[in-house]
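Those letters in the sequence shown? Residues 236 to 619, per the working numbering, in order. The next block holds one structure in the form of C-alpha cells; read it before the comments.
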Amino acid sequence: MKTHKISRTQFVREGACLAAGAFFSDVFAPQTACAQENRPQCTSQPSGCPGTATAGKSGLTLRPYELLCLVCSLGENQGCPQNAKLAAALEKIRRQPDIPLTLCCNAGDVYSYQDPGTEADTAEGRDYNRKRDFDILLKLDAAPGATQPARIWLAMLLKRISTVAGLCAYSGVTSEAWKGCAKAASGCYERAQKQGLNLLIPPRDEAEMTREKEASIAALKSAKEVTIRPHILVCAVCQYGGGTRPPFKPDNLPELLQMILTERPDVPVKFVRGADWMMCAPCPSRVAATNACVCGAIKSGGLYNELKDLNVLQRLGLNFGSTMKARDLCLLIFEKIPTVTGVCALDIDGLAAQSIWRDGCGGKPHPFYDKGRKALLEKLGGKA
Ligand code: SF4
Ligand code: SF4
C-alpha cells in the first residue's frame, strides 16, 4: 500500500490545518506594536493593546506550553502577560474568543508535517521542550496540530490541568537538562487556574443581556412568525415539567410556551439554525456576533447542540426552514419524541469527562420531560 507522508511545507500549503498559515504569519509577518517593542501592552480589560492587530479570520497558532504559560502569566501578573507574543495572543483571544487556535509541537514521526521548529523553545533545551508539549497534549487528549476555538482549548485546559507540577518541572531533578521551569513552583498557574475562564475571556455583559431580554420579548409578542432552533422547543417541555414559568431571565422559552397555551396557539413556528435571537437573545451562552452557542462545561455546546437539532428534525421528519402552527408542532413532538434519551439527551456512554461531545443532559433520566409532556398534552388537548 502506498503511504502518503506529507512535509510541514505541504501541510501548510494544502491547508491540512486551518490555522497553520497563521503560524507563519505570526512568526514572519510584521510584528504588532507590542511585539516590536517587546513589552506587554495589554490591560486587564478586554479592550487590550492599542495598536495591536485585530484577530483576522486566519487564526492563531501556539505551542501547547505557550497556552499553559498564558494562564501562568496571568497568575503572576494580573491581566497582563509580560511576554510580548503571549500578550498579543491574549489580545486576539479576548477580541475573538472563538478564533481557531492550533496547537503545534515538535512531535516528529507521523506528525512531523506540523512540527513548528525550535524557534519558540524555551531555554531549558530541546528534549525538555518536546516532553513538556507532549505531556500537555496527553492531558488534553489532543493530537499535535489540532485546531479548535480558543475558548474551548482554554476551558479544556483549565478543567484538565489544575497544576503544572509534573508538566513544567518534576518531583526529582535527574540532571541539569531536566531541572524544568523556575516558575513551576511559584503557584502562578494554580492561582490563575482557580479563577477560571472569566479571567481570560470576560462573560457577557449583564446590562446587554437585560436589554436583549426586553427587546426579544417585545419582538416575540408581536411576531408574525416565531423562529427557534429545533431542540430547544424540546428543552421548553423539560423546563415546563420542572416548574419554570415566565419571566425567565436566561431564555424566552417559558414566554413562548405561555403564548402558545394562552393567546396564540396557531402562531407559525419556523425551525432555524444556531442560537437564533428570538429565543436565545438574553442567554449568557449566546455569542451575538456569530449566532453561536458556547454553553457546556468546556463551552462546546455549539457542537453538540447542532447534533441535537438534527436529531429532533430527523425524528419529526422536518427540516430547517419547516414551518408549522405552534400547537400542531408541539403535538407532533409529543407523538414522535416520547422520551428525550438519544434525541436531545445525547448518548455519551464511554466519553471522556471533558469530551467536546459531553452533553449535560446525556446519560441521566429525564422526569421533567415526562412530566412536562404529560401536562402540556392535556392543556393542548392532545392524546397521550
Ligand atoms: S511554570 Fe513555567 S513553563 Fe510552566 S506554565 Fe508557568 S511559566 Fe510556563
Ligand atoms: S444560546 Fe445555547 S444554551 Fe442559550 S438558550 Fe440558546 S441554545 Fe440554549
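Backbone N, C-alpha and C fix where the C-beta goes; we use that ideal spot for every residue, glycine too. If you're wondering where the values come from, they're calculated on a predicted model, not measured in any experiment.
My guess is that residue i and residue j are in contact by the Cβ rule of under 8 Å, so how many angstroms apart are they, rounded?
| i | j | result |
| --- | --- | --- |
| Met514 | Leu545 | Met514 to Leu545, Cβ: 18 Å. No contact. |
| Ala390 | Leu432 | 5 Å |
| Leu336 | Ala385 | 4 Å |
| Leu305 | Ala319 | Wrong, their Cβ atoms sit about 12 Å apart, outside the cutoff. |
| Leu662 | Lys327 | An answer regarding residue 662 cannot be provided, because it is not within the stretch 236 to 619 covered by the chain. |
| Leu538 | Trp592 | 7 Å |
| Ser535 | Ile387 | 5 Å |
| Ser451 | Ala516 | 4 Å |
Just the Cα atoms here: how many angstroms apart are residue i and residue j?
| i | j | result |
| --- | --- | --- |
| Ser308 | Gln317 | 7 Å |
| Asp376 | Leu338 | 12 Å |
| Phe483 | Gly415 | 51 Å |
| Lys618 | Val504 | 21 Å |
| Gly585 | Gln383 | 22 Å |
| Thr179 | Cys596 | Absent from the model: residue 179. The displayed extent of the chain is 236 to 619, so no value can be given. |
| Tyr363 | Asp350 | 16 Å |
| Ile533 | Asp440 | 20 Å |
| Val469 | Ser421 | 48 Å |
| Leu402 | Leu372 | 11 Å |
| Pro438 | Thr409 | 43 Å |
| Cys423 | Lys543 | 39 Å |
| Arg608 | Lys394 | 35 Å |
| Asp368 | Pro299 | 5 Å |
| Leu488 | Val507 | 15 Å |
| Thr267 | Ala322 | With a pLDDT of 28 at Thr267, under the threshold of 50, the modelled position of that residue is not reliable, and the figure given next carries that caveat. Spanning the two alpha carbons is a distance of roughly 10 Å. |
| Pro519 | Trp413 | 44 Å |
| Gly352 | Val529 | 33 Å |
| Asp370 | Ser406 | 15 Å |
| Glu613 | Gln474 | 16 Å |
| Lys418 | Arg361 | 18 Å |
| Leu551 | Lys606 | 20 Å |
| Ala257 | Gly343 | Confidence at Ala257 is low in this model, with a pLDDT of 33, below 50, so the placement of that residue is unreliable and no value is reported for it. |
For residue i, tell me which candidate among the options has the shortest Cα-Cα distance.
| i | options | result |
| --- | --- | --- |
| Asn485 | Lys414, Arg521 and Val472 | For the record, residue 485 in the displayed sequence is Pro; it is not Asn. Comparing Cα positions, the closest option is Arg521. |
| Ile495 | Ile467, Ser451 and Arg562 | Arg562 |
| Asn341 | Ala427, Arg508, Lys560 and Arg365 | Arg365 |
| Tyr570 | Glu541, Leu615 and Ser397 | According to the sequence as given, residue 570 is Glu; it is not Tyr. Nearest option by C-alpha distance: Leu615. |
| Pro600 | Leu302, Pro299 and Ala580 | Ala580 |
| Glu425 | Ala450, Leu392, Thr497 and Ile436 | Leu392 |
| Pro500 | Leu567, Lys560, Gly478 and Leu612 | Lys560 |
| Asp356 | Ala458, Lys418, Glu301 and Val399 | Glu301 |
| Thr555 | Leu538, Gly509 and Tyr539 | Inspection of the sequence shows that residue 555 is occupied by Phe rather than by Thr. Phe555 has its Cα closest to that of Gly509, out of Leu538, Gly509 and Tyr539. |
| Val461 | Thr497, Pro517 and Trp512 | Trp512 |
| His466 | Ala453, Ile452 and Leu564 | Leu564 |
| Pro332 | Lys429, Pro379, Ala523 and Lys459 | Ala523 |
Curious, which full-length alpha helix (DSSP H) runs of at least 4 residues does the segment 416 to 479 contain?
-> Restricted to the segment 416 to 479, the alpha helix (DSSP H) segments that are unbroken, complete and at least 4 residues in length are 423 to 430, 441 to 456 and 465 to 476, listed in chain order.
Chain-ordered list of residues that sit, by beta carbon, closer than 7 Å to a heavy atom of ligand 2 = Working through the chain, the matches are Arg464, Ile467, Cys470, Pro485, Asp486, Ala510, Met514, Cys515, Cys518, Ser520, Arg521, Cys528, Cys530, Gly536 and Asn540.
Complete alpha helix (DSSP H) runs within the segment 307 to 358 (minimum length 4 residues, chain order) | With a minimum length of 4 residues, the unbroken runs of alpha helix (DSSP H) contained wholly in the segment 307 to 358 fall at 319 to 330.
Of all the beta strand (DSSP E) runs that stay within the bounds of the segment 487 to 554, which reach a length of 3 or more residues?
-> Look at the segment 487 to 554 and you find these whole runs of beta strand (DSSP E), each 3 residues long or longer: 503 to 506.
Tell me the start and end of each unbroken beta strand (DSSP E) in the segment 548 to 616 that is at least 3 residues and wholly inside, in chain order.
-> 558 to 560, all fully within the segment 548 to 616.
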